[in-house]
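Undergrad: Residue numbers (our numbering), protein chains in the order written: chain E, 1 to 343; chain A, 1 to 451.
Put into structure tokens, the structure is as follows:
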């Protein structure tokens, strides 16, 4: 029982990441009709926003300590971050410690700008081209972005810890009457789940309750008619692209403490997120979120030793297996619109 | 599959017969001259070309970059430039800083991408197009085994870079291939006594193992060594190589009776699994009245850097560390540090040493002929290259030397000062018989000069 509970918890945070990325993918597909393979790269750039802010906050000046020697026997150069000298050691250390939450604010304008540049600079030229062309160009873009990040940050993962206040784990077991120390869950992962839920809720509320959102939804249903009404739907769709980029970026920022960011992390999530979109139903926002969580939890269960012992290798294929079953039995996906992808 | 060898003709049979006859007839003192018969990529001009096959793209690109720095330094030293580095401390004095056999050393580089097929393609290109006489480098056992087999077929020497799987000098060993780096068995043998001292003989270990060749041999080596000392293995779980989030593999550990977690992971896998394990509070846990402990059998500096503060206090093993104070290590750290501004990694060390060992073997053999080099390296004993007295064993072409047990440092003074040496395990403790079950199968075969 406790094992099942733990795997559900595990699935929730993994599912949060899938859901956030798939939500952005669906927004772009639903509004612009573009299959964006560079979406994983946006998630990765988000994580590197956290890395960058951490680097900016730890920018240091060097002083020479004649008492201590470096590995070559020369006097040791001691680095002191500027923020520590400006705000005092304690305040400075606290600011550096909170670099990941601060990166949320830092990343929003950057991600919006990256999204706008991507849409205006490249993707708009491919609206009327076949999906295969869109996939090729966005996949190429993903590789370019990946290599740019690798050039500046190297290929090695970069540790980006969460604030010390969120270190450690919460003991769910003790709360629910199980043995203590058995069902424990890291605080930061709980924060990640709550943060994702808030973002997902925010996006839905934005689309549901604002005039802008209403116009976008109308545009998704019938672009031409909305255009005929004199509404500049293209501009709104560009803004939606930027919004999707921000959502992916925020997912990346908050994910940085869970796994040290590296240039390849976007690709790791991209393929799975596409499966999530297909399972959820192309173009369905609630479907993307639902499928994200369902697949995240299924993946967690499939990697339990008992399950792997029964079905060797199931942990590596479960998501694709589910995708095949869904596509065979319900081609429009869990919550896809009737008739879409169905002949 | 033959790659470069020419089809067997009557002429080549006659030539081989003649060479064989001459070899049998010649007294031993003239052996080196007997190798003068033709061989692949025999250098005819004033230069000799070495092929450095390292990951320049992909997940191990940073490690590859450090290997390349070491190779460039080795070439400088061989050509008599710079301060000479380990040439001054090497017990063999055959190298004079005048290139190899009087020929200036030049090099070409290839990108393995840490993929076996890409590594083979780049090695093949360096041999066929650039005329490389020796291939060296790599940061993965899969790549090392693949390139070693190619070099054997092509008739050039392969001096392995960072490869830790038992199989490189076990079931996949080849006469033309040589490994200076240590292996999984040695890690297990060096770690087990230290772990027993630190954590006691009554422990329950849970293994998470990367699902590929290196993971299996490391798990087996650590499991067998620790079980021999009284530890119990509770569970071994294979994790996909592509896994990035290990939480669903870590949580079952919490529910097991285990009080030790062994992470048979390398590179990004290790960074993520260790980070996840620490996040889940494993190190703060008490099981059966004992502190829960984590072990990382193979450490590298780049991994320690990626995992950050999570490595503090965690045991592992390495082939070499820049804080060693023997003359050889000091000389190498000095030259590398002066040139690049930071201390070298173990990957840089093993590749630098391999280049020197190859050059020295050519000098001693008096030829670049692979069969001459093989003979010069087999059973070669040396010192002054950073690991104490070392033997290149003839039976499997594996170096036998002291192994370092290290621990994540509690108070690092710089981004390179992440590990501290806990013990230098003497070579006797990590030596095994050539037919040890962990190395069973395969055969060296005979050297191939490609002629």
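Here a beta-carbon is modelled for each residue, glycine too, at the ideal position from N, C-alpha and C. Every value quoted in this text rests on a predicted model; they were computed, and no experiment measured them.
Whole angstroms is fine: what's the gap from residue 231 (chain A)'s alpha carbon to residue 29 (chain E)'s?
TA: Cα to Cα, residue 231 (chain A) sits roughly 55 Å from residue 29 (chain E).
Undergrad: Under 7 Å, Cβ to Cβ, is there at least one residue of chain D near residue 247 (chain A)?
TA: Absent here is chain D; the protein component of the structure consists of chains E and A.
Undergrad: Residue 252 (chain A): buried (16+ other C-beta within 10 angstroms of its C-beta) or exposed?
TA: Per the 10 Å Cβ criterion, buried.
Undergrad: Tell me whether the stretch 195 to 215 of chain A and the stretch 226 to 244 of chain A touch, counting them as touching only if at least three CB pairs, one residue from each stretch, are closer than 8 Å.
TA: At 8 Å Cβ cutoff, the stretches touch.
Undergrad: Using the DSSP secondary-structure output, state which residues sit across from residue 421 (chain A) in a beta bridge.
TA: Paired residues: A:406.
Undergrad: Of all the alpha helix (DSSP H) runs that stay within the bounds of the stretch 154 to 191 of chain E, which reach a length of 4 or more residues?
TA: Correct list: 172 to 176.
Undergrad: Going by CA-CA distance only, name the one from A:277, A:450, A:310 and A:403 that's closest to residue 346 (chain A).
TA: Checking every option, the nearest Cα to that of residue 346 (chain A) belongs to A:403.
Undergrad: Alpha carbons only, please: which of E:179, E:177 and E:172 is nearest the one belonging to residue 186 (chain E)?
TA: Nearest option by C-alpha distance: E:172.
Undergrad: In three-state DSSP terms, what is residue 258 (chain A)?
TA: Coil at residue 258 (chain A), not helix or strand.
Undergrad: Using the C-alpha atoms, what's the distance from residue 90 (chain E) back to residue 134 (chain A)?
TA: Going by the C-alpha atoms only, they are around 56 Å apart.
Undergrad: Is the Cβ-Cβ distance between residue 304 (chain A) and residue 391 (chain A) less than 7 Å?
TA: Taking 7 Å as the Cβ cut-off, residue 304 (chain A) and residue 391 (chain A) do not qualify as a contacting pair.
Undergrad: Give the range of the beta strand (DSSP E) segment to which residue 107 (chain A) is assigned.
TA: Segment 104 to 111, the beta strand (DSSP E) holding residue 107 (chain A).
Undergrad: Closer than 8 Å by beta-carbon distance: list the chain E residues that pair up with residue 285 (chain A), in chain order.
TA: The contacting residues are 181.
Undergrad: For chain E, check one thing: does any of its Cβ atoms lie closer than 7 Å to the Cβ of residue 257 (chain A)?
TA: No, because no Cβ of chain E sits closer than 7 Å to the Cβ of residue 257 (chain A).
Undergrad: My guess is that residue 344 (chain A) and residue 218 (chain A) are in contact by the Cβ rule of under 8 Å, so how many angstroms apart are they, rounded?
TA: In fact, because the Cβ distance is near 24 Å, the residues do not count as touching under 8 Å.
Undergrad: Cβ-heavy atom distance between residue 120 (chain A) and the ligand GTP below 6 Å?
TA: Of the ligands one can find in the structure shown there are none, so the ligand GTP has no counterpart to examine.
Undergrad: Which residues mark the beginning and the end of the alpha helix (DSSP H) in which residue 195 (chain A) is found?
TA: First-last of the alpha helix (DSSP H) with residue 195 (chain A): 184 to 199.
Undergrad: Relative to the C-alpha of residue 295 (chain E), which candidate in E:310, E:269, E:309 and E:74 has its C-alpha closest?
TA: Closest option to residue 295 (chain E), Cα to Cα, is E:269.
Undergrad: Measuring only between beta-carbons, confirm whether residue 173 (chain E) sits less than 7 Å from chain A.
TA: Not one chain A Cβ lies under 7 Å of residue 173 (chain E).
Undergrad: Kindly list, in the order they appear in chain E, the residues whose Cβ is closer than 7 Å to that of residue 275 (chain A).
TA: Near residue 275 (chain A) (Cβ distances below 7 Å), the residues of chain E are 259 and 260.
Undergrad: Is the Cβ of residue 71 (chain E) closer than 7 Å to any Cβ of chain A?
TA: It does: the Cβ of residue 71 (chain E) has a partner Cβ on chain A nearer than 7 Å.
Undergrad: If we count the other Cβ atoms within 10 Å of its Cβ and call it buried at 16 or more, is residue 120 (chain E) buried or exposed?
TA: By the 10 Å Cβ count, residue 120 (chain E) comes out exposed.
Undergrad: Is it the case that the Cβ atoms of residue 281 (chain E) and residue 332 (chain E) are separated by a distance below 7 Å?
TA: Yes, the Cβ-Cβ distance between residue 281 (chain E) and residue 332 (chain E) is below 7 Å.
Undergrad: For a test of the three-state rule: what should DSSP assign to residue 8 (chain E), helix, strand or coil?
TA: Residue 8 (chain E) falls in the helix class under three-state DSSP.
Undergrad: So within the stretch 18 to 94 of chain E, which uninterrupted beta strand (DSSP E) runs reach at least 3 residues, ignoring any that extend past its ends?
TA: Segments of the beta strand (DSSP E) lying fully in the stretch 18 to 94 of chain E: 60 to 69 and 75 to 81.
Undergrad: Under 8 Å Cβ to Cβ from residue 415 (chain A), same chain only, skipping five residues before and after it: list those, please.
TA: Here the set comprises 305.
Undergrad: With respect to the alpha helix (DSSP H) encompassing residue 142 (chain A), which residues constitute its N-terminal and C-terminal limits?
TA: Residue 142 (chain A) -> alpha helix (DSSP H) spans 141 to 154.
Undergrad: With a floor of 3 residues, list each beta strand (DSSP E) that falls wholly inside the stretch 365 to 412 of chain A, ordered by position along the chain.
TA: Whole beta strand (DSSP E) segments, 3+ residues: 380 to 382, 390 to 392 and 403 to 408.
Undergrad: Please report how far the alpha carbon of residue 385 (chain A) lies from the alpha carbon of residue 199 (chain E), in whole angstroms.
TA: Cα to Cα, the separation comes out at about 57 Å.
Undergrad: Flag this pair as touching only if the stretch 51 to 67 of chain A and the stretch 313 to 325 of chain A have three or more C-beta atom pairs under 8 Å; answer yes or no.
TA: Because the criterion of three Cβ pairs below 8 Å is not met, the stretch 51 to 67 of chain A and the stretch 313 to 325 of chain A do not touch.
Undergrad: Whole angstroms are fine: how far does the CA of residue 162 (chain A) sit from the CA of residue 477 (chain A)?
TA: No answer is possible for residue 477 (chain A): the residues shown for chain A start at 1 and end at 451.
Undergrad: Going by beta-carbon coordinates alone, are residue 126 (chain A) and residue 108 (chain A) separated by less than 7 Å?
TA: Yes, they are a contact pair.
Undergrad: Between the C-alpha atoms of residue 202 (chain E) and residue 245 (chain E), what's the straight-line distance to the nearest angstrom?
TA: Cα-Cα distance, rounded: 15 Å.
Undergrad: Residue ranges of each alpha helix (DSSP H) run of no fewer than 4 residues wholly in the stretch 341 to 368 of chain A, ordered along the chain?
TA: 346 to 365, all fully within the stretch 341 to 368 of chain A.
Undergrad: Helix, strand or coil: which one does DSSP assign to residue 385 (chain E)?
TA: This structure gives no information on residue 385 (chain E), because the portion of chain E shown stretches from 1 to 343.
Undergrad: Show which residues of chain A have a CB atom less than 8 Å away from the CB atom of residue 7 (chain E).
TA: Within chain A, the residues near residue 7 (chain E) are 248 and 251.
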